[in-house]
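Here the sequence shown is numbered in full-length UniProt numbering, starting from 1 and rising by one per residue. From the three backbone atoms N, C-alpha and C, an ideal C-beta is built for every residue, glycine too. Reading through the C-alpha cells given below for one structure.
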Amino acid sequence: MTTTVPDDATIGTDPRRVRHPAAPGRHDLSEAGDPPRVTVVGAGIAGLAAATGLAERGVTVDLVERENYLGGRVGGWSERLGDGTGVGMNRGFHAFFRQYYNLRKLLSRSDPGLRRLRPVEDYPLIDADGRRDTFRGLPRTPPWNALAFAMRSPTFRLRDLTRLDPRAAAPLVAVSVPEIYTLLDDCDAETFLHRVRFPDAARHLAFDVFSRSFFAHPRHMSAAELAAMFHIYFLGSSEGLIFDVAEDNFDVGLWEPLREYLTAGQLPGTVKIHTGVTVSGVDRHDGGFRLRDTTGAAFDSDAVVLATDIGGLREIVARSPDLGDPEWRARIAGLRTAPPFLVHRLWLDRPVRADRPAFVATGGLSPLDNVSVLDRYERQAADWARRHGGSVLELHAYAVAAQTDTPPADLRGALLARLHRLYPETRRATIVGETTVWRQDCPRFAPGDFAGRPGVRTPDPHLVLAGDGIRIDLPVALMERAATTGWTAANALLSRWGAAGHALQTVPTQGRSWILRTFANRRAQP
Numbered sequence: 001m002t003t004t005v006p007d008d009a010t011i012g013t014d015p016r017r018v019r020h021p022a023a024p025g026r027h028d029l030s031e032a033g034d035p036p037r038v039t040v041v042g043a044g045i046a047g048l049a050a051a052t053g054l055a056e057r058g059v060t061v062d063l064v065e066r067e068n069y070l071g072g073r074v075g076g077w078s079e080r081l082g083d084g085t086g087v088g089m090n091r092g093f094h095a096f097f098r099q100y101y102n103l104r105k106l107l108s109r110s111d112p113g114l115r116r117l118r119p120v121e122d123y124p125l126i127d128a129d130g131r132r133d134t135f136r137g138l139p140r141t142p143p144w145n146a147l148a149f150a151m152r153s154p155t156f157r158l159r160d161l162t163r164l165d166p167r168a169a170a171p172l173v174a175v176s177v178p179e180i181y182t183l184l185d186d187c188d189a190e191t192f193l194h195r196v197r198f199p200d201a202a203r204h205l206a207f208d209v210f211s212r213s214f215f216a217h218p219r220h221m222s223a224a225e226l227a228a229m230f231h232i233y234f235l236g237s238s239e240g241l242i243f244d245v246a247e248d249n250f251d252v253g254l255w256e257p258l259r260e261y262l263t264a265g266q267l268p269g270t271v272k273i274h275t276g277v278t279v280s281g282v283d284r285h286d287g288g289f290r291l292r293d294t295t296g297a298a299f300d301s302d303a304v305v306l307a308t309d310i311g312g313l314r315e316i317v318a319r320s321p322d323l324g325d326p327e328w329r330a331r332i333a334g335l336r337t338a339p340p341f342l343v344h345r346l347w348l349d350r351p352v353r354a355d356r357p358a359f360v361a362t363g364g365l366s367p368l369d370n371v372s373v374l375d376r377y378e379r380q381a382a383d384w385a386r387r388h389g390g391s392v393l394e395l396h397a398y399a400v401a402a403q404t405d406t407p408p409a410d411l412r413g414a415l416l417a418r419l420h421r422l423y424p425e426t427r428r429a430t431i432v433g434e435t436t437v438w439r440q441d442c443p444r445f446a447p448g449d450f451a452g453r454p455g456v457r458t459p460d461p462h463l464v465l466a467g468d469g470i471r472i473d474l475p476v477a478l479m480e481r482a483a484t485t486g487w488t489a490a491n492a493l494l495s496r497w498g499a500a501g502h503a504l505q506t507v508p509t510q511g512r513s514w515i516l517r518t519f520a521n522r523r524a525q526p
C-alpha cells in the first residue's frame, strides 16, 4: 500500500493562477524492476522537492546533506542556553506566502491540510521617522491591493501618483517573465526607481524592505528582479500579501515530518537520507556517476541532482573535471553570493508589550532590517516565554557591508540600540540567553547576473541543478524558486526514463490585467 498524494489543485485559491502541466508517462518506474538510482546533493528545499518528485515515481534516491539536519537555509536545530535549557534555533524568520504553490505542494506531502502553518495577520513596515505601513485589511484583488496600499500609506501621497513617470513605470505593471530580464536586468533597482520618480520615503518603506529580503541593497539588486518581485507579491496574485509562518521550529514543524514521509517505505521509490556528509566531487563512472564524499565513501548512481548552495556548487564542480563543458563550468565559477547577514536571537527575562506584532520590517534603521517576536507564533519559543515570564526576540541585519568570517564587533550593540528605540520596554530586560547566526551563502541577484545564471538542465542530460540561485523562467522567488527548481529537476530526469512528471503552479507569467498591460505598453513606446 502506497501513500496517497494530495491533490495539487487544492493548493491555492487564485482563479488566475497558472498550471504548468506535467509530461505524461509511467507513474512507477519500480514496477519493471531495477529502477533508476539518483543521488541528490543537498537537502534544502530544492533537494527535498527533487527527492520527493523522484521517489513518488519509483526512483531509488540517496539524499546527501552536509549538515546534520534537513531544510538547508530553512533548517532547524537545537542549542542550549547558558543555564542548560534546550531551545530551538534556525536561521531566522521565513514567510510562507500563499502564492508559494510549489513549496506548499512539497509541505503538503507530510501535512495535507498545511495545519503546521499559521497565518500572520499583519507585518507592519516602520521607517526611521516612525511612519508605519500595514498590510492588514487590504483588498485581495490586483491592482486594487497595490492601489489601496499606496493610498493609505503615510509615505505615499496622492500627488505622488501624478509625479510618477508612466513610461518608466510601465514594466512594473506589464511584467512578463522571462522577458523582463532582457528589458531591465542590466539596470539596478535604485536607478530604476529614480527613473520612475518613486517618492524616496515610500521607496525606503516598501521596495527597500523587499529588496533586502534578497539580501541586497537596491543599488546592488537587479531592477528586473525588483519588477518580478512586484508582480509576484503585488500585481500578479490575489492570494494577498498576508503570509503564513511555521508554528514550530523548522525541524519539528516541517522537515522531520517530511523525512518520515520519504523514508516510511510507502512510496513507489525509496529514499535513504545521509546527513553530516559532504560531497567532495562527482566523476563519470561506468555510464553513470560516482560521487565522492569527505569520508572516502562513494555513491554510485544513474543521475545526479546538485541542489547545494552557490558556494557548495562551485566547489563540487571545480573538483569534478568530468562535469559539463567549458562554457557551463565558467557559468558555475562565475556565480557569486550576496553580502553576509546576521540573525541575533534573544531570550529576555520579561515580555514585550502585548500589542507588539509577531513581525515588523524596518526601513532606514540600519543595521536593523526586522524584528520578530517568536513567542507570538513559534511553539518552543512560546513555551519558554510562558515558563520564564519572558519573551524571545529575533533581530535581523541583511546585506551587511563587512566581508569577514565573523560579525563586526559593533553590530550587536547597534542592533540592540535600534531594538531599544523601537521597543523601549526591552531596555529594562535582562538577556537570559542569546545566539547569533552569521552567514554569507545566499545567491546574488545583481544587475547583469541573469544572463550568466545556469539553468536546471546542464550539458549532461543526467545531471541537473536546483536551488534558489538557479535560473528558471517562471515568476518565482526565494523559497518558491528553490521548490520550483527542485520539482523541475526531478521532472527533467523523469522525462528521460518515460515517467510522468509533476505539474507546477505559478502566479500569471505576465501582468494579469490586459488593460494595464495595454496602457503600460503604449506609454512605453518611444
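Tell me the rounded alpha-carbon separation between Trp347 and Ile431. 6 Å
Collapsed DSSP secondary structure at Asp188 in the structure displayed: strand
Reduced DSSP category for Gln380 - H, G, I as helix; E, B as strand; rest coil: helix
Spatial distance of Ile45 from Ala307 (CA atoms): 9 Å
My output table needs one value for Pro526: the three-state DSSP class, helix, strand or coil. Note that Pro526 scores 48 on pLDDT, short of 50, meaning its location in the model is unreliable and no value can be drawn from it.
Take the Cβ of Gly449 as the centre, count every other Cβ of all protein chains shown within 10 Å, and call the residue buried at 16 or more, exposed below. Here residue 449 turns out to be Asp, not Gly, going by the sequence shown. By the 10 Å Cβ count, Asp449 comes out buried.
Three CB pairs or more closer than 8 Å across the segment 489 to 499 and the segment 26 to 40: yes
Using the rule of at least 16 other Cβ atoms within 10 Å of the residue's Cβ for burial, across every protein chain shown, is Ser78 buried or exposed? exposed
Could you tell me which residues DSSP puts in a beta bridge with Trp328? The partner list for Trp328 (beta bridge, DSSP) is empty, contrary to what the question assumes.
Buried versus exposed call for Pro15 [16 or more other C-beta atoms within 10 Å across all chains shown]: exposed
Assuming Pro199 contacts Asp160 (C-beta within less than 8 Å), just tell me the rounded distance between them. 5 Å
Extent of the continuous alpha helix (DSSP H) run through residue 569: As shown, the chain starts at 1 and ends at 526. That puts residue 569 outside it, with no answer to give.
Please name the residue in Pro119, Met151 and Met229 whose C-alpha comes closest to that of Asp185. Met229
Whole alpha helix (DSSP H) runs in the segment 321 to 375 with 4 or more residues, listed along the chain? 326 to 333
Might you give, ordered along the chain, the residues of its own chain that have their beta carbon closer than 6 Å to the beta carbon of Ala414, omitting 5 neighbours on each side? Pro367
Excluding five sequence neighbours on each side, which residues of the same chain lie with their C-beta closer than 6 Å to the C-beta of residue 589? Because the chain spans 1 through 526 in this model, residue 589 falls outside it and cannot be assessed.
Relative to the C-alpha of Leu313, which residue among Arg259, Glu327 and Arg331 is closest? Arg331
By the three-class DSSP mapping on this structure, what secondary structure does Ile180 have? helix
Exposed unless 16 or more other CB atoms sit within 10 angstroms - verdict on Pro142: buried
Between the Cα of Gly253 and the Cα atoms of Leu172, Asp111 and Arg376, which residue gives the shortest distance? Asp111
Give the single residue among Leu474, Gly276 and Val464 whose Cα lies nearest to the Cα of Thr506. Leu474
Is it the case that the Cβ atoms of Glu247 and Glu378 are separated by a distance below 8 Å? yes
Roughly how many angstroms lie between the CA atoms of Trp487 and Arg353, to the nearest whole one? 43 Å
Where His20 falls: helix, strand or coil (DSSP): strand
Cut-off 6 Å between Cβ atoms - residues of its own chain near His420, not counting five sequence neighbours on either side: Thr426 and Arg427
Counting only the same chain and skipping the five closest in sequence on each side, list residues whose C-beta sits under 7 Å from that of Pro459. Gly324, Asp325 and Trp328
Just to confirm the assignment, what range does the alpha helix (DSSP H) spanning Leu54 have? Ile45 to Ala55
Identify the continuous beta strand (DSSP E) that holds Met89 and give its terminal residues. Gly86 to Asn90
Please say whether Val305 and Ala489 have beta carbons closer to each other than 8 Å? yes
Only counting the same chain, and skipping five residues up and downstream in sequence, which positions put a Cβ closer than 8 Å to that of Leu258? Leu48, Thr52, Leu70, Leu106, Leu107, Arg109 and Ser110
Within the chosen definition, does the segment 236 to 244 reach the segment 135 to 151 through at least 3 CB pairs nearer than 8 Å? yes
Beta carbon of Pro340, beta carbon of Ala402: below 8 Å? yes
Collapsed DSSP secondary structure at residue 545 in the structure displayed: Lying before the first or after the last residue shown, residue 545 is absent from the chain, which here runs from 1 to 526.
State buried or exposed for Arg471, treating a residue as buried only when at least 16 other CB atoms are found within 10 Å of its CB. buried
What residues in its chain sit with their C-beta under 8 Å from that of Asn491, if we drop five residues either side in the sequence? Ala22, Ala23, Gly53, Gly501 and His502
Given a cut-off of 8 Å on the beta-carbon distance, is the pair Gly433 and Leu81 in contact? yes
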